[in-house]
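Some notes on the structure that comes next.
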Amino acid sequence: MSTVILLTLTGLGLAALYFLVASGLSLVFGLADVLNFAHGLFLGVGAYATWWAAGNLPGAGPEGFGFLVAVAFGVLAGALVAVLVELVLIRPLYSRTIEQVLVTVGLSLAGVALLQATWGADPRTFPRPGWTREVTSVLGANVPNAGLLLIVAAAVVLGALLAFLRFTRYGLIIRAGVENREMVTALGIDVRKAFTLVFALGGAAAALAGALGGVYFGTVSPGQGGSLLIFAFIVVVIGGMGSVVGSAYAAVAVGLLQQFVNYYGTSGLGDICVVGLLAVVLLLRPQGLAGKVAHA
Amino acid sequence: MTEVKSPEVPAPPAAVPDELAPGRARWHGLRPYLPLVALVVAVILPYSTVQLPGVFEGALNSPGNLQLLAICLVFGGLAAGYDLLFGRAGMLSFGHALYFAAGVYGTAILVTKAGLPLWQAGLLTVIGSTILAGLLGAVALRTTGIAFAMVTLAFAQVGAILVARNFGGLTGGEEGLTLDVSGLPSALVGVANTVNLYWLALAYLALVVFVVHRVSMSPTGRVLAGLRDDERRIGVLGLDPYRFKLVAFTLSGGLAAAGGVVYSLLVGASPHITSSELTLSLLVMVVLGGPGTRWGPVLGGILYMYLDHRLTAFGTSDAVNSLPAFLSHPLSQPLFVLGTVFILAVYFFPGGLASLRTRLHPVLTALRRR
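These protein sequence lines map, in sequence, to chains B and C.
In this text, residue positions in the first sequence follow our numbering: the first is 74, and each later residue adds one.
In this text, residue positions in the second sequence follow our numbering: the first is 408, and each later residue adds one.
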């Protein structure tokens, strides 16, 4: 029984990581039709900025409040890079989907190489507060605190995103833009501001995933974002592009499936099962679980 | 800008057929034979001992250089095969590495673990990989556009996981698999025989260019071009887009697998060729070269692999090391340089290398007139 609880909670931790990456991807894709390969780069930037801040930024550190400052710095850096990417690289290419994909592909190659050039290819030990290394006993299962932290963070992000989409004016524009961009533009609303905003939100969420993923795994390396990104893509497709809630459901399904099959079956089988799930969903419901509507 | 005002300047230059341009008749008559000339030059290249300092280290026909050239040729062929999907049919597949890796690992496993002779192993691998491409394509093509890209990416990821986890001890996991040379023909083994591998790679490249050229000139090729431009219209004309796309996907997968057979003889099997980065670099090659053109992807593939190998040497050279750290560190990463060049190419050279001639045409005419 305790094994099942442990697997469920670690699976949810993994799902939280996927959700943080996938929610931004999903919104960006739903609104701007950009398949963002550079999203892994935002994650890397967030992780390295947090790592750097914990060592160098005054007031920040690996413990307590200092760690909070470091994570905030990382998230800010991720959002800033995302906004820059959107303004400088993506904006001139609007409505040219293939070129946008190509630019983000080039950016993901060059950006990861730049991280590698600056901080080396080897994994760096991540500064993490002492309490995240300990375990909490939940119903007889010893669950690592870092995983619980991820779950809480993802739940908070999900709640904040939904509240933002539902109760604010910009949230309304984003929801309307996902549903019908031409109509929003025709009504005289500058939807490009919403694009920038969505990129900033996605970049911030991905950077948070990078920082907390660093806490979870204990290390940061330049290629970390890339391997997470593929599963985030799968989550986005399963959940339905443009849907935050769909991404959350899909992330939970993917995380749990992966964790349970990897434990009870052979290691690596879970990853393959996830792709199998993707194939089944695509064959039965090509638009994904929630379709292309931004549910809030 | 005087050349803009002068009325004789054809605008746009690309729209004027070659045979109508005066004074170029001789050139036009010669053009069809240029590929043949290039092929002959490439065939007799290993007999030259020319030293090209800065371009190649040592004599041109030293085994190291021939190996590098052979890898470049294989990737030129791979890029041309990928262009059949991306440039000619407009299908953005992110899983092409899978079929290449199937070719590499299939050959290596059948030769090393099953002990088959090379020609049987190669034939079986190509047939098997083509069937695999057909099956996976049949599922993936139920989606279109970006979803298709993601599904192919996910399938390729399964291949990468299978190779990395080393199920049944077949793939050698992280270490990869070296080819058991005892089962190979002696002409393909050893450093002294690199030249034979070079010719093999050249033959592969010629085969791919020939096949892609024939397909794109055939009625099927015209339908594929139509699919790229307007898929709905093809459907309205009463043709089934799904079947044509599946044909292109399967053929392209088979060509990639054949390239994998050659690559496994050249380098051997290592897990990094299964990664999605290989597909991304194929995409970079095609876009740099010029998608949908006959020679663009080939040139792009050759140039990319050459730069990828040579930039590593360039990055550790004294000229780069003497630069300040914020310049020398990024420059020592080949992928940073290539990625940046790629982004610039997407913005400023959408047609790639192949469009350079038409782009430079106005400049050249203006210079000639002066």
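All residues carry an ideal CB built from backbone N, CA and C; glycine is no exception.
query: Leaving out five residues before and five after C:His503 in sequence, what residues of the same chain have Cβ atoms less than 7 Å from its Cβ?; result: Tyr489, Ala663, Thr686 and Leu689
query: At a Cβ threshold of 8 Å, is C:Ile641 touching chain D?; result: This model lacks chain D altogether, as its protein chains are B and C.
query: Quick check on C:Thr514 - is its C-beta less than 8 Å from some C-beta in chain B?; result: no
query: Quick check on the DSSP output: the alpha helix (DSSP H) that includes B:Val208 runs from which residue to which?; result: Looking at the DSSP string, B:Val208 is not in any alpha helix (DSSP H); the run it does join, the beta strand (DSSP E), is Val208 to Val211.
query: Give me the subset of the segment 539-550 of chain C whose CB atoms are less than 7 Å from a CB atom of chain B, sorted by chain position.; result: Val546, Arg549 and Thr550
query: Would you list the residues sitting across from C:Gln458 in a DSSP beta bridge?; result: C:Ala466
query: On the CB-based measure, 16 or more other CB atoms within 10 Å of its CB, does B:Tyr337 come out buried or exposed?; result: exposed
query: Pop quiz: C:Met692 and C:Gly667 are said to be a contact at Cβ under 8 Å. What is the actual Cβ separation, rounded to whole angstroms?; result: About 16 Å; that fails the 8 Å criterion.
query: C:Val669 and C:Tyr605 look like a contact to me (Cβ under 8 Å); what is the Cβ gap, rounded to whole Å?; result: Incorrect: roughly 10 Å between the Cβ atoms, too far for contact.
query: Helix or strand or just coil, what does DSSP make of C:Gly596?; result: Note on identity: in this sequence residue 596 of chain C is Val, with Gly being the wrong assignment. Here C:Val596 sits in coil by DSSP.
query: Just how far apart, CA to CA, sit B:Gly286 and B:Thr123?; result: 11 Å
query: Beta carbon of B:Leu104, beta carbon of B:Gly315: below 8 Å?; result: yes
query: Taking C-beta pairs closer than 9 Å, name the residues in chain B that C:Pro737 reaches, listed in chain order.; result: Ala183, Ala186, Leu187, Ala190 and Thr191
query: From C:Ala594, C:Thr657 and C:Gly645, pick the residue whose C-alpha is nearest to that of C:Val546; which is it?; result: C:Thr657
query: Just the chain C side, please: which residues come within less than 8 Å of B:Phe306 by C-beta, in chain order?; result: Met557, Leu560 and Ala561
query: Based on DSSP bridge pairs, tell me the residues matched to B:Thr198.; result: B:Thr292
query: Classify B:Asn253 as helix, strand or coil using the three-state DSSP reduction.; result: coil
query: If we call anything under 8 Å between Cβ atoms a contact, is C:Ala487 one with C:Val619?; result: yes
query: Going by the CB atoms, is the gap between B:Ala279 and B:Gly179 shorter than 8 Å?; result: no
query: Determine the burial state of C:Ala428: buried for a count of at least 16 other Cβ atoms within 10 Å of its Cβ, exposed for fewer.; result: Confidence in C:Ala428 is poor, its pLDDT being 49 and thus under 50, which makes the residue's placement too unreliable to answer from.
query: Would you kindly work out how many angstroms separate the C-alpha atoms of C:Phe555 and B:Val310, rounded to a whole number?; result: 10 Å
query: Residues in its own chain within less than 7 Å of C:Gly558 by CB, not counting five upstream and five downstream?; result: The displayed chain sequence assigns Val, not Gly, to residue 558 of chain C. Once the five neighbours on either side are set aside, the close Cβ partners of C:Val558 are Ala547 and Thr550.
query: Relative to the C-alpha of C:Gly535, which candidate in C:Ser683, C:Ala665, C:Pro737 and C:Leu672 has its C-alpha closest?; result: C:Ala665
query: Curious, which full-length beta strand (DSSP E) runs of at least 3 residues does the segment 519-590 of chain C contain?; result: none
query: Would you call the CB atoms of C:Ala563 and B:Ile307 closer than 8 Å?; result: no
query: For a quick check, are the C-beta atoms of B:Ile224 and B:Gly86 less than 8 Å apart?; result: yes
query: Determine contact between the segment 635-652 of chain C and the segment 509-525 of chain C, defined as no fewer than three beta-carbon pairs at a distance below 8 Å.; result: no
query: Exposed or buried, which one is C:Leu760 when buried takes at least 16 other CB atoms within 10 Å?; result: buried
query: Counting only beta-carbon separations shorter than 8 Å, does B:Ile345 have a partner in chain C?; result: yes
query: Which chain C residues sit within Cβ distance under 8 Å of B:Ile224?; result: Ordered by position in chain C, no residue passes the 8 Å Cβ test against B:Ile224, which lies about 25 Å from the chain.
query: What does the alpha-carbon distance come out to for the pair C:Pro648 and C:His768?; result: 37 Å
query: From the DSSP output, in three-state form, read off C:Pro698 for me.; result: coil
query: Rounding to the nearest angstrom, what Cα-Cα distance links B:Arg206 and B:Gly147 in this structure?; result: 21 Å
query: So C:Ile780 contacts chain B; which residues on that side make the cut at Cβ distance below 7 Å?; result: Because chain C in this structure spans residues 408 to 777, residue 780 of chain C falls outside the shown range and cannot be described.
query: Using a cut-off of 8 Å between C-beta atoms, extract the partners of B:Glu172 located in chain C.; result: Val753 and Pro757
query: For C:Ala752, report the span of its alpha helix (DSSP H) as first-last.; result: Pro741 to Phe755
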